[in-house]
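Residue numbers (the numbering used here): 13 to 421.
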RNA sequence: GGCCCCGUCGUCUAGCGGUUAGGAUCCAUGGUUUUCAUCCAUGUUACAGGAGUUCAAUUCUCCUCGGGGUCACCA
């Protein structure tokens, strides 16, 4: 069983989606189940409804999961396991106050040492515990092996489980075999392992770390990218490509499942590049058939799809394509400086015969109008596309020639 | 500060003991296009530094330097 764990405290980020994709891909490759776990223990910063939004997004990206677990539903198990550890004297009550702990931490910092809990409450005599009316947390006794792990808190003073305890337990309960996670969780892994060791869980969970994506603080969220007109397929393609060896430039999630090799995942931190993503998106759009492409710009017409394809030379997203195509079918806003020539050309075109080829159309217009150079080209662009610059006018004419009567009125 | 990850053209990267160190992008030049753009051709530019292992090091080891992460009763 593999899992994707996510905190519903913010919109889905690109690196988080990347983690989800990798876990899903490997689950598919191994023929194991894949579940989503919503880590909703922290009540203050939870955002209402964002968990459903994340699940919808995963579905949109083709990530299928067999089950959704909300971590808060497991709290009774967390409590039971903590109790068991206390019984076995592998965990203990801690009455240390925040102030006292903060001072200790400050002292360690001043001395330039790593702060570790000093186990002050570890061996309190029973009568001291019984007589103590102060609130207390539950700490797990530190392991012998990695000395960097101290007796950390597993139940807060309000007896809700802490993150590392809950995750350690949940991964055990879900029978997780491999966890692909972000590099920043390396240290946490040790704590979660220690929890399972204390609970005498025999199975060794495998871990694989993905290098961080740099520059992500300024990068758009997944939702924003979709709104900007990036295709889910392209985003998947991009995320798998960065920092990874891929046999081909363009591929689908299905294909990634077929070729991805876990051992080859690069450990070099990668940078998010909107330009690279645009390039992938452009190519995915290019690969669509004309009618399908036209739907992304609000039509259902192969000819408009072909026209959009021409515009893919200059733009990379469906939103930008729309911004190019839509004005063609709206009223013209002619700049003063081209007004005269545009009016002249317009009259000629209205009375012109139909031309199959742009070359002949051009020849006719130049002859009839006497215009040349930019004073011909820009007014023509304005009439055809409602813009003063753009892609190859000959190509544009090819796809617009049947709409001339509609466009130029 | 301790621990962990990482260090190849300006940028993103390929490379996994022997390569003219490859690609993409940017930039420059030329060409195509009555075109800002597109497209084509050509060109400049990199193994962070230092020791070691080896016949041979960008590749393996160590040190230095640099970047990032992490050290909570937050998840």
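Backbone N, C-alpha and C define an ideal beta-carbon position, used for all residues, glycine too.
Residue i in three-state terms, based on DSSP
i: residue 216; result: coil
i: residue 134; result: coil
i: residue 14; result: strand
i: residue 279; result: coil
i: residue 194; result: strand
i: residue 126; result: coil
i: residue 376; result: helix
i: residue 96; result: helix
i: residue 205; result: helix
i: residue 316; result: helix
i: residue 336; result: helix
i: residue 104; result: strand
i: residue 381; result: helix
i: residue 149; result: strand
i: residue 402; result: coil
i: residue 263; result: coil
i: residue 310; result: coil
i: residue 417; result: helix
i: residue 141; result: helix
i: residue 25; result: coil
i: residue 365; result: coil
i: residue 74; result: coil
i: residue 328; result: coil
i: residue 66; result: helix
i: residue 91; result: helix
i: residue 162; result: coil
i: residue 249; result: helix
i: residue 354; result: helix
i: residue 180; result: helix
i: residue 55; result: coil
i: residue 86; result: helix
i: residue 121; result: helix
i: residue 233; result: coil
i: residue 242; result: coil
Residue i burial status per 10 Å Cβ neighbour count (16 or more: buried)
i: residue 140; result: exposed
i: residue 296; result: buried
i: residue 372; result: exposed
i: residue 363; result: exposed
i: residue 88; result: exposed
i: residue 204; result: buried
i: residue 72; result: exposed
i: residue 341; result: exposed
i: residue 183; result: buried
i: residue 206; result: buried
i: residue 117; result: exposed
i: residue 86; result: buried
i: residue 109; result: exposed
i: residue 353; result: buried
i: residue 83; result: buried
i: residue 150; result: buried
i: residue 138; result: exposed
Inter-residue CB distance, residue i and residue j (contact presumed, cutoff 8 Å)
i: residue 222; j: residue 31; result: 6 Å
i: residue 393; j: residue 385; result: Rounded, the Cβ-Cβ distance is 13 Å, inconsistent with contact.
i: residue 51; j: residue 94; result: About 18 Å; that fails the 8 Å criterion.
i: residue 35; j: residue 15; result: 7 Å
i: residue 381; j: residue 360; result: 6 Å
i: residue 233; j: residue 25; result: 6 Å
i: residue 249; j: residue 292; result: 5 Å
i: residue 194; j: residue 23; result: The Cβ separation is near 17 Å, so there is no contact.
i: residue 106; j: residue 148; result: 6 Å
i: residue 20; j: residue 59; result: 6 Å
i: residue 13; j: residue 188; result: 5 Å
i: residue 336; j: residue 420; result: Between residue 420 and residue 336 the Cβ distance is about 18 Å, and since that is not below 8 Å, they are no contact.
One or two residues paired with residue i in a DSSP bridge
i: residue 173; result: 167
i: residue 36; result: DSSP, once it has assigned bridges, lists no residue as partnering residue 36.
i: residue 79; result: 47
i: residue 221; result: 193
i: residue 497; result: Nothing about residue 497 can be read from this structure; the chain reaches only from 13 to 421.
**Asked** Do the stretch 405-412 and the stretch 388-397 meet, that is, are 3 or more Cβ pairs less than 8 Å apart?
**Response** yes
**Asked** Is there contact here, the stretch 59-72 with the stretch 150-162, by at least three beta-carbon pairs under 8 Å?
**Response** no
**Asked** Do the stretch 121-139 and the stretch 158-175 make contact, defined as three or more Cβ pairs closer than 8 Å?
**Response** yes
**Asked** Can we say the stretch 359-369 touches the stretch 324-338, given the rule of at least three CB pairs closer than 8 Å?
**Response** The answer is no - the stretch 324-338 does not touch the stretch 359-369, with fewer than three Cβ pairs under 8 Å.
**Prompt:** If you pair each beta-carbon of the stretch 275-285 with each one of the stretch 248-257, do three or more pairs fall below 8 Å?
**Reply:** yes
**Message:** Below 8 Å, how does it come out for the stretch 230-243 and the stretch 257-270: are there three or more Cβ pairs, yes or no?
**Reply:** no
**Message:** Closer than 8 Å is the cut-off here; do at least three beta carbon pairs connect the stretch 190-205 with the stretch 215-229?
**Reply:** yes
**Request:** Flag this pair as touching only if the stretch 282-295 and the stretch 305-315 have three or more C-beta atom pairs under 8 Å; answer yes or no.
**Result:** The answer is no - the stretch 305-315 does not touch the stretch 282-295, with fewer than three Cβ pairs under 8 Å.
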